[in-house]
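In my numbering, the protein residues as written are 36 to 438. Each residue gets a CB set at the ideal place from its N, CA and C atoms; glycine is no exception. The structure appears below as structure tokens.
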């Protein structure tokens, strides 16, 4: 038996932010990241609509780009004091992810973070509040997913939290919010979305309900990401829809070891963070080469290649064409191909901010954690400790995978 879960209502298209005025409740807490939503006037609009709905509004602001356990706990404390019946999270993936975790500790103050790390172990939510998610970036699709990523900085680990309980009740996908993204963020979030769609299509849990969503997302991203990166407004709007479709697919089909590796390398090194979308972009071609040793996965990668118009006279040739095309997309988007060329903020650099010696020292532990990541179980090929260590070395050095 399979399961397919999405928000009850998804409003999309220009002006859909106004649907906030139709929410029913008395109090709403608005969870925000940095100041961009305020600077561009979207916070004022959201507050106006919520007040039109008859709600008192309180803010939880300044959620950091990789939300921490501490931020989650502080936000939950604000919620417990304010007692909202709507949690409205607006911005990039980080404030929405953080708000999802806050939701749990608002409704269940006695639970612990350790208790929800195990996938699909959350208590039943909606005893106090419903959840509305409004994305401003075109990548994470957390507005339609059963996932959130929270970082424990003391341990240097990103935890992917997973439970259908945290799928939002309402998603508002208004392209006006995405128009404000800078080019680099457009590139990283766009390749994150591409990774979501490709991993969902080859996941061991893919099905007839997820495959069409994944494939159409791949096609739209392939055709529109570079144009969106260059500032094309219509392409930017299409990308906002495409990333959401990819999210619908992977929330139900799950992901694979590109994400496992990205989660466990993101905050592991003292030199700086490896930005999640950039990590996915760098790792995806290597993982495709690795997974293609599995015959079924290879056929599905070949199907993707044909679907987006690539050529090849065999499955192997089509897989190679897909890998080449993804690397070409990275080049077009000024994304480095490997960690050895990963500069501050995900720019290409001669010298990486991630020290090679430290990387190799932590290799065994990072590999162990990646294998135990929640995303590994649905990967089409299950890596051994040795395989994962070799994969992690390959993504550092930009080496082809032949094992």
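Based on DSSP bridge pairs, tell me the residues matched to residue i.
i, result
"residue 125", "67 and 169"
"residue 47", "208"
"residue 297", "Bridge partners of residue 297: none, in fact."
"residue 184", "195"
"residue 377", "383"
"residue 62", "91"
"residue 103", "186"
Nearest-angstrom Cα distance between residue i and residue j?
i, j, result
"residue 407", "residue 300", "13 Å"
"residue 58", "residue 376", "47 Å"
"residue 251", "residue 145", "43 Å"
"residue 367", "residue 261", "7 Å"
"residue 437", "residue 324", "7 Å"
"residue 253", "residue 339", "8 Å"
"residue 259", "residue 172", "15 Å"
"residue 333", "residue 351", "7 Å"
"residue 136", "residue 148", "9 Å"
"residue 386", "residue 219", "19 Å"
"residue 268", "residue 69", "23 Å"
"residue 394", "residue 344", "38 Å"
"residue 296", "residue 423", "9 Å"
"residue 48", "residue 208", "7 Å"
"residue 370", "residue 91", "43 Å"
"residue 335", "residue 273", "25 Å"
"residue 329", "residue 151", "32 Å"
"residue 81", "residue 53", "8 Å"
"residue 72", "residue 178", "16 Å"
"residue 215", "residue 169", "14 Å"
"residue 289", "residue 413", "6 Å"
Can you check whether the CB of residue j is closer than 7 Å to the CB of residue i?
i, j, result
"residue 316", "residue 271", "no"
"residue 321", "residue 430", "yes"
"residue 239", "residue 284", "no"
"residue 193", "residue 363", "no"
"residue 158", "residue 141", "no"
"residue 415", "residue 326", "yes"
"residue 60", "residue 138", "no"
"residue 381", "residue 313", "yes"
"residue 235", "residue 278", "no"
"residue 45", "residue 85", "no"
"residue 186", "residue 88", "no"
"residue 154", "residue 409", "yes"
"residue 64", "residue 117", "yes"
"residue 206", "residue 42", "yes"
"residue 133", "residue 107", "yes"
"residue 128", "residue 175", "yes"
"residue 281", "residue 356", "no"
"residue 119", "residue 62", "yes"
"residue 110", "residue 95", "yes"
"residue 379", "residue 388", "yes"
Can you have a look at residue i and say buried or exposed, based on whether 16 or more other CB atoms are within 10 angstroms of its CB?
i, result
"residue 359", "exposed"
"residue 230", "buried"
"residue 221", "buried"
"residue 181", "buried"
"residue 420", "exposed"
"residue 200", "buried"
"residue 74", "exposed"
"residue 341", "exposed"
"residue 167", "buried"
"residue 392", "exposed"
"residue 365", "buried"
"residue 189", "exposed"
"residue 399", "exposed"
"residue 114", "buried"
"residue 156", "exposed"
"residue 266", "exposed"
DSSP three-state label for residue i, please.
i, result
"residue 92", "strand"
"residue 147", "coil"
"residue 238", "coil"
"residue 323", "helix"
"residue 390", "coil"
"residue 292", "helix"
"residue 303", "coil"
"residue 247", "helix"
"residue 18", "Nothing can be reported for residue 18: it is not among the residues displayed for the chain, which extend from 36 to 438."
"residue 347", "coil"
"residue 308", "coil"
"residue 436", "coil"
"residue 280", "helix"
"residue 159", "coil"
"residue 313", "helix"
"residue 420", "helix"
"residue 397", "coil"
"residue 177", "helix"
"residue 36", "coil"
"residue 98", "coil"
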